[in-house]
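> Residue numbers (the numbering used here): 4 to 500.
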Amino acid sequence: MITTTLPDQNAAEQTFESFGLDARILRALSEQGYTKPTPIQAQAIPVVLLGKDVMGAAQTGTGKTAGFALPIIQRLLPMANASASPARHPVRALMLTPTRELADQVYDNVARYAKHTDLRSTVVFGGVDMNPQTDALRRGVEILVATPGRLLDHVQQKSVNLSQVQMLVLDEADRMLDMGFLPDLQRIINLLPAQRQTLLFSATFSPEIKRLAASYLKQPVTIEVARSNSTNENVRQMVYQVEDGQKQAAVVHLLRQRAEQGLSKQCIVFVNSKIGCSRLARHLEREGINAAAIHGDKTQTERMQTLEGFKNGTIDALVATDVAARGLDIADMPCVINFDLPFSAEDYVHRIGRTGRAGASGDALSIFVPGDERLLADIEKLIKRSVPRGTLEGFDPTGEKARQEDSDRRRQRADVRRARGNGDGEGEDRRRRHDHGGSRSAFRPSDDPFFSRPYEPSPNSASAKPADEMIAAALSRGRQAPKRPVAALLGGAPRKS
DNA sequence: AAAAAAC
């Protein structure tokens, strides 16, 4: 085997053979083309093989999944097809993830690494039919990958038994806390034997995460591949300031500029709201860019199709909410654009963590408008460095000219529509169909030239709001009850010993 | 300010 010696402090000269992994696992690895462990794998595999608890700081794309999956498979091998009756469906290893897509990806990896063994695995997550999942669980699996909500659903239906779980993985644990999964997590963990091995992975080590670790891990070994809360050195970060209402044009400009420079067109554009996400995707498409939106109001099928399209290259710009900020394993993402600066600085770290992975270089570009000062300051404080300010070559940040052309074009389109008598009904998302489905016409706010054109303050109203906000306010329904603070929940939790 | 996740 050829190993490249890098000036790397941890992983130099190491091979998968040197961990003493079973020949069946090594065979699967070589079929996958894996030759040399990544730094996180080099650190995690021996520790997990020893049965120790692990607190791991690593983002997706560092090879983290193999870092826990390989040693777990190794440790479960003696139990494959063991005497336990399948009627008891004893799950031995449970891997929990915050999003459905991540669950699916982790499962996909596990299944590939274990393909030459007798170990069985499956994945359960929401948004899809429960019955096939129930059937798989009843047939019996040693390794189960799941999102918390659907797993509890199966637990209630008694289609799975967690009393024999010896290994628990909490993947992207910080995200699970952000998403309010702590109560579900606690309910699940209470069903597991206290005697078990627990691995917790998180991109950031917030106080809440440390607290979670203190509750559920026993003398964990800490593994870090990068300084916590830091961003990758090989990612070129940049912010571009434009006027309010020029953000869409700025993104179009950035994407075209990259295409002209012969850079890869593939790009994730992050947006803060689901509505803004759909709107930007539509705008990019109108500008002739292959774009698609992915967010939580899309059906699971749409989400999977969009991701597939992005992976096979029919989609260049994936416009996403933070559903895609963490965990989506998209190889070699050359560029991430923040259309909106994220509300939380930690989300910035996660978003730009989609690029520059496994040593590749990447661009993380952010659009900045007046009013974003605080958000940017928080980000720079967290990553402990300033993000360089760039200028968009050949772009008019006030957008006077573009605004004029744009509104002319929109007026023409509105005329055409009036002549036709209704909207065109293309690509809507569930929320919107729901809210407007029963109305007398196919009217949608985005069809109205007023809502679509760049924001201009109304001359008679000092409190005019940008179109985005107006639409968001008009469509917002069914708000969730405020979350209880994480610390309060942890404080009230029964402590595992 | 928002997003995500069980029916």
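Each residue gets a CB set at the ideal place from its N, CA and C atoms; glycine is no exception.
Answer yes if the region 339-356 comes into contact with the region 273-290, meaning at least three C-beta pairs across the two stretches below 8 angstroms, and no otherwise.
yes
> Cα separation between residue 380 and residue 327?
On the first sequence, position 377 is the one that residue 380 refers to. On the first sequence, position 324 is the one that residue 327 refers to. Near 23 angstroms, if we compare the C-alpha coordinates of residue 327 and residue 380.
> Which ranges does the beta strand (DSSP E) cover as unbroken runs of at least 3 residues, wholly within the region 120-169, from first to last along the chain?
124-127 and 146-149
> For residue 399, which option in 20, 58, 253 and 23 has the closest C-alpha, if you only look at C-alpha atoms?
Taking the first residue of the first sequence as position 1, residue 399 is located at position 396. Considering only alpha carbons, the answer is 253.
> Using only alpha-carbon positions, find the residue among 77, 44, 73 and 116 that is nearest to residue 35.
What you label residue 35 is simply residue 32 of the first sequence in a count that begins at 1. Of the listed residues, the one whose Cα sits closest to residue 35 is 116.
> By how many angstroms is the C-alpha of residue 304 removed from the C-alpha of residue 316?
Reading the first sequence from its first residue, position 313 is the one you call residue 316. Reading the first sequence from its first residue, position 301 is the one you call residue 304. Taking the straight line joining both Cα atoms gives about 18 angstroms.
> Determine the burial state of residue 188: buried for a count of at least 16 other Cβ atoms within 10 Å of its Cβ, exposed for fewer.
Your numbering for residue 188 matches position 185 in the first sequence. Answer is buried; the Cβ neighbour count reaches 16.
> Please tell me whether residue 320 and residue 296 are closer than 7 angstroms, where the distance is taken between their beta carbons.
Stepping through the first sequence from its first residue, residue 320 is reached at position 317. Stepping through the first sequence from its first residue, residue 296 is reached at position 293. Cβ atoms of residue 320 and residue 296: not closer than 7 angstroms.
> Hey, could you find the ends of the beta strand (DSSP E) residue 239 is sitting in?
As a working mapping, residue 239 is identified with position 236 in the first sequence. Here the beta strand (DSSP E) through residue 239 covers 238-244.
> Residue 247 to residue 372, Cα distance in whole Å?
The residue labelled residue 247 in the question sits at position 244 within the first sequence. The residue labelled residue 372 in the question sits at position 369 within the first sequence. About 6 angstroms.
> Nearest by alpha-carbon distance to residue 119: which of 170, 265, 33 and 168 is it?
Start at 1 with the first residue of the first sequence, and residue 119 comes out as number 116. Considering only alpha carbons, the answer is 33.
> Using a 10 Å radius around the Cβ and a threshold of 16 neighbouring Cβ atoms, would you call residue 205 buried or exposed?
Counting from 1 along the first sequence, the entry for residue 205 is found at position 202. Result: buried.
> With a threshold of 16 other CB atoms inside 10 Å of the CB of residue 349, please say whether the residue is buried or exposed.
In the first sequence, residue 349 corresponds to position 346, counting from 1. With 16 or more Cβ atoms within 10 Å of its Cβ, residue 349 is classed as buried.
> Of the residues 149, 207, 68 and 124, which one's Cα is nearest the Cα of residue 177?
Mapped onto the first sequence, residue 177 falls at position 174. The candidate whose alpha carbon is nearest that of residue 177 is 207.
> Does the region 103-117 come into contact with the region 140-151, if we say contact requires no fewer than three beta-carbon pairs (one atom in each stretch) closer than 8 angstroms?
A contact exists between the region 103-117 and the region 140-151.
> In its own chain, which residues sit with a C-beta less than 6 angstroms from the C-beta of residue 441, not counting the 5 before and 5 after it?
Counting from 1 along the first sequence, the entry for residue 441 is found at position 438. Residue placement at residue 441 is flagged as unreliable, the pLDDT there being 31, under the threshold of 50; the coordinate-derived value follows with that caveat. Counting only Cβ-Cβ distances below 6 angstroms, and skipping sequence neighbours, we find nothing.
> Per DSSP, what are the beta-bridge partners of residue 68 in this structure?
One-based indexing of the first sequence puts residue 68 at position 65. Residue 68 is not bridged to any residue.
> Quick check: what's the CA-CA separation for residue 124 versus residue 80?
For the purposes of this step, residue 124 is taken as residue 121 along the first sequence, with counting starting at 1. For the purposes of this step, residue 80 is taken as residue 77 along the first sequence, with counting starting at 1. Near 13 angstroms, if we compare the C-alpha coordinates of residue 80 and residue 124.
> How about residue 180 and residue 145: are their beta carbons less than 7 angstroms apart?
Within the first sequence, numbered from 1, the residue matching residue 180 stands at position 177. Within the first sequence, numbered from 1, the residue matching residue 145 stands at position 142. No, Cβ-Cβ distance for residue 180 and residue 145 is not below 7 angstroms.
> What's the gap between the Cα of residue 369 and the Cα of residue 410?
Mapped onto the first sequence, residue 369 falls at position 366. Mapped onto the first sequence, residue 410 falls at position 407. Near 26 angstroms, if we compare the C-alpha coordinates of residue 410 and residue 369.
> Jot down the residue ranges of each uninterrupted alpha helix (DSSP H) in the region 336-367, minimum 4 residues, whole runs only, in chain order.
348-355
> Below 8 angstroms on the Cβ atoms is my contact criterion, and I expect residue 43 with residue 73 to pass it. Report the Cβ-Cβ distance as a whole number of Å.
If you number the first sequence from 1, residue 43 lands on position 40. If you number the first sequence from 1, residue 73 lands on position 70. 12 angstroms between Cβ atoms; not a contact.
> Might you give, ordered along the chain, the residues of its own chain that have their beta carbon closer than 8 angstroms to the beta carbon of residue 241, omitting 5 neighbours on each side?
Against the first sequence, residue 241 aligns to sequence position 238. Excluding sequence neighbours, residue 241 sits near 366, 367, 368, 369, 390, 391, 392 and 393.
> From the DSSP secondary-structure annotation, give me the bridge partner or partners of residue 380.
Locating residue 380 in the first sequence gives position 377, counting from the first residue. Looking at the DSSP assignment, residue 380 forms no beta bridge with any residue, so it has no partner.
> If we ignore side chains and look at the alpha-carbon of each, how far apart do residue 51 and residue 309 end up?
Position 48 of the first sequence, counted from the first residue, corresponds to residue 51. Position 306 of the first sequence, counted from the first residue, corresponds to residue 309. Their Cα atoms are separated by approximately 35 angstroms.
> Between 384, 262, 94 and 228, which lies nearest to residue 65 when the distance is taken from Cα to Cα?
For the purposes of this step, residue 65 is taken as residue 62 along the first sequence, with counting starting at 1. The residue with the shortest Cα to Cα distance from residue 65 is 228.
> What did DSSP end up calling residue 227 once you bin it into helix, strand or coil?
Locating residue 227 in the first sequence gives position 224, counting from the first residue. Here residue 227 sits in strand by DSSP.
> Between residue 162 and the rest of its own chain, which residues show a CB-CB distance below 7 angstroms, the 5 nearest in sequence each way excluded?
Within the first sequence, numbered from 1, the residue matching residue 162 stands at position 159. When the five nearest sequence neighbours on each side are left out, the beta carbons in the same chain lying within less than 7 angstroms of the beta carbon of residue 162 are those of 137, 140 and 141, in order along the chain.
> Would residue 336 and residue 357 qualify as a contact pair, given that the criterion is a beta-carbon distance under 7 angstroms?
What you label residue 336 is simply residue 333 of the first sequence in a count that begins at 1. What you label residue 357 is simply residue 354 of the first sequence in a count that begins at 1. Closer than 7 angstroms, so yes.
> Since residue 296 is in the beta strand (DSSP E), which residue starts that stretch and which ends it?
Position 293 of the first sequence holds residue 296. Going by DSSP, residue 296 is part of the beta strand (DSSP E) stretching over 294-297.
> Got a sec? Which residues, its chain only, sit under 8 angstroms from residue 384 by beta carbon, not counting five neighbours each side?
Taking the first residue of the first sequence as position 1, residue 384 is located at position 381. Here the set comprises 348.
> Does DSSP put residue 18 in a helix, a strand or coil?
Counting from 1 along the first sequence, the entry for residue 18 is found at position 15. Residue 18 falls in the coil class under three-state DSSP.
> I'd like the list of long-range same chain contacts for residue 290, defined as Cβ closer than 7 angstroms, with 5 residues on each side in sequence excluded.
Within the first sequence, the letter at position 287 stands for residue 290. Hits under 7 angstroms: 255.
> May I have the straight-line CA-CA distance separating residue 110 from residue 126, to the nearest angstrom?
As a position in the first sequence, residue 110 is number 107, starting the count at 1. As a position in the first sequence, residue 126 is number 123, starting the count at 1. Taking the straight line from one Cα to the other gives about 6 angstroms.
> Per DSSP, residue 96 is paired with what?
Here residue 96 refers to the residue found at position 93 of the first sequence. According to DSSP, which records beta bridges pairwise, residue 96 is partnered with 146 and 170.
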